[in-house]
Amino acid sequence: MKQDRLWYAAYGSNLLHARFSLYLTGGSYAKGHRRHIGARDNQKPKSEAPLINGPWRLCFGHSSSRWGGGVAFLDPENDQGASVRCWNITHQQFADVAAQENGLLPGELEINVDEVMADGDVEIGNSWYSRIVYLGDYQGLPLLTFTSSQPPEPTSPGEPYLSVILNGFLEAEPTQLDQHVDRLLRADGIAPSWTREALLGLANRSTRDQRSHES
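Number 37 in our numbering belongs to position 37 of the sequence shown; there are no gaps in the numbering.
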């Protein structure tokens, strides 16, 4: 029987489970953020969601009013050792997540995963995340993501956005803060606005806020 699951490689705010899950179940992440419809199939991703490093480059560009600065993009043609978090979802769920990221409704976008794997990538439009990319296989399943057709000019990300990214990294690998910060520092758009000390301070504040919220 044909395998209907894949790994979605998340590298921006979708690193964090609470943020990514809204693309499946629907809802709004924070005040001022748009409400997501949710996927046609709202089952949760498989519990395993590893963080892996690969020959990709993370960069921040454009400017989001919701996030207060640049947002993340993955450049698969340049190797800077970027990290992605792998969410195990169905082909249809991936299409619905990509649709919502590109201003479409779930069901308005169909993605032929075999075609993406054969060609390496496909273009679905001209919005920020309209390039669907095959990053290889991971644990026997295709690893796919979406990004910009061309890496944007660097733009510094805002504190709320970086806080979500750092929380996602730490959710996946709680003991690797230094490595997470070092990888972020290599991303275009981080320096000079964000130093290592500033990122460590943000991570520590985010961790305290998360613990306070959970208690």
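Beta carbons are placed, not taken as given, at the ideal position from N, Cα and C, and that holds for glycine.
Cutting at 6 Å between CB atoms, please list the residues of its own chain near residue i, excluding the five before and the five after it.
i: Ser193; result: Ser156
i: Tyr23; result: His36, Val97 and Gln100
i: Arg183; result: Ser83
i: Asn14; result: Phe20
i: Ser215; result: Since pLDDT at Ser215 reaches only 45, below the 50 mark, its modelled position is unreliable, and no value is offered.
Starting from residue i, follow the alpha helix (DSSP H) in both directions and report where the run begins and ends.
i: Ser163; result: Glu159 to Ala172
i: Leu185; result: Leu177 to Leu185
i: His17; result: His17 to Phe20
Just to confirm the assignment, what range does the beta strand (DSSP E) spanning residue i have?
i: Tyr11; result: Looking at the DSSP string, Tyr11 is not in any beta strand (DSSP E), and its letter there is neither H nor E.
i: Thr90; result: Ala82 to Thr90
Leaving out five residues on either side along the sequence, give the residues of the same chain with a beta carbon under 8 Å from the beta carbon of residue i.
i: Gly103; result: Ser127
i: His17; result: Ala49, Gly168 and Glu171
Could you confirm whether any beta carbon from chain C is found closer than 8 Å to the beta carbon of residue i?
i: Gly12; result: Protein chain content of the structure displayed is limited to a single chain, and chain C is not contained in it.
Could you check how far apart the C-beta atoms of residue i and residue j are, in whole angstroms? I think they sit under 8 Å.
i: Asp41; j: Gln92; result: 6 Å
i: Gly61; j: Glu153; result: 6 Å
i: Gln217; j: Arg196; result: Any question about residue 217 goes unanswered here, given that the chain covers just 1 to 215.
i: Ala72; j: Gly12; result: 3 Å
i: Pro174; j: Asp75; result: The Cβ separation is near 27 Å, so there is no contact.
i: Ala9; j: Leu177; result: Not a contact, Cβ separation roughly 21 Å.
If you drop the 5 nearest sequence neighbours on each side, which residues of the same chain put their C-beta closer than 7 Å to that of residue i?
i: Glu48; result: Asn88
i: Arg66; result: Gly32 and His33
i: Leu202; result: Glu159, Leu162, Ser163 and Leu166
Less than 7 Å between the CB of residue i and some heavy atom of the ligand ZN, yes or no?
i: Val181; result: As presented, the structure is devoid of all ligands, the ligand ZN included, so that no description of it is given.
Inter-stretch contact at 8 Å, needing at least 3 Cβ pairs: the segment 116 to 136 / the segment 20 to 36 = Too few Cβ pairs lie closer than 8 Å, so no.
inquiry  = Going residue by residue through the segment 92 to 160, where are the continuous beta strand (DSSP E) segments of at least 3 residues, counting only ones entirely within it?
reply    = Runs of the beta strand (DSSP E) inside the segment 92 to 160: 121 to 123, 131 to 138 and 141 to 147.
inquiry  = Count Cβ pairs between the segment 141 to 153 and the segment 162 to 176 that sit closer than 8 Å; are there 3 or more?
reply    = Flag = no, the segment 141 to 153 and the segment 162 to 176 do not touch.
task = Tell me the start and end of each unbroken beta strand (DSSP E) in the segment 32 to 80 that is at least 3 residues and wholly inside, in chain order.
result = Counting only runs of 3 or more, we get 51 to 54, 57 to 64 and 69 to 75.
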